[in-house]
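Colleague: Numbering (this note's numbering), first residue to last: 2 to 161.
No residue lacks a Cβ here, since even glycine has one placed at the ideal position from N, Cα and C.
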């Protein structure tokens, strides 16, 4: 059984929020909607999403700060964050977003097809990253076992 991907969409513009959530649901994702940074943080704690699409300019908290708080929380779901803005779109704005921990930065307007492609791409990135972490853990365990075997062999040799 394949896991349902959970996405939190955060935007204070109800039209953008509705359209984004509708497109993601149509693509088969489980979507939770928030209009403020505080709502985003609460939904993130409750639902442990895989991805958060976060407006940079929100009425209560700055999207950059929300992103930073999410990344520092070290949640079990390790959500990816895509920042989005129609006003703060300069290279410096995008750079700042990445410095605050965002995994991607979207300048609006964006076609729904492009958004879905970017969502699929970043989720594939997350899946690959998780697979690599698992393989790394396995390799570290194998290495530890080999080190213990070598240690035992050396001890046995010294007894001879």
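1. Just tell me which of 83, 120 and 20 has its CA closest to the CA of residue 105.
2. Hey, how far is the Cα of residue 13 from the Cα of residue 144?
3. Which ranges does the alpha helix (DSSP H) cover as unbroken runs of at least 4 residues, wholly within the stretch 6-43, from first to last along the chain?
4. DSSP state of residue 83, grouped into three classes?
5. Along the chain, where does the beta strand (DSSP E) that runs through residue 55 open and close?
6. Any chance you could list the beta strand (DSSP E) runs of at least 3 consecutive residues sitting entirely within the stretch 91-124, in chain order?
7. How is residue 157 classed by DSSP in three states: helix, strand or coil?
8. Hey, would you say residue 109 sits closer than 7 Å to residue 85, going by beta carbons?
9. Using 8 Å for Cβ pairs, my map puts residue 64 next to residue 55. What's the rounded Cβ distance?
10. For the stretch 41-55 and the stretch 116-132, state whether three or more C-beta atom pairs, one from each stretch, are separated by less than 8 Å.
11. Quick one: Cα of residue 107 to Cα of residue 80, how far?
12. Contact defined as beta carbons within less than 8 Å: I believe residue 98 pairs with residue 62. What is the distance between those atoms, to the nearest angstrom?
13. Going by Cα to Cα distance, which pick from 25, 71 and 23 is closest to residue 46?
14. Looking at the secondary structure, which residues open and close the alpha helix (DSSP H) in which residue 72 lies?
Modeller: Let's see:
1. 83
2. 50 Å
3. 15-27
4. strand
5. 52-56
6. 105-108
7. helix
8. yes
9. 5 Å
10. yes
11. 17 Å
12. Residue 98 to residue 62, Cβ: 14 Å. No contact.
13. 71
14. 64-73
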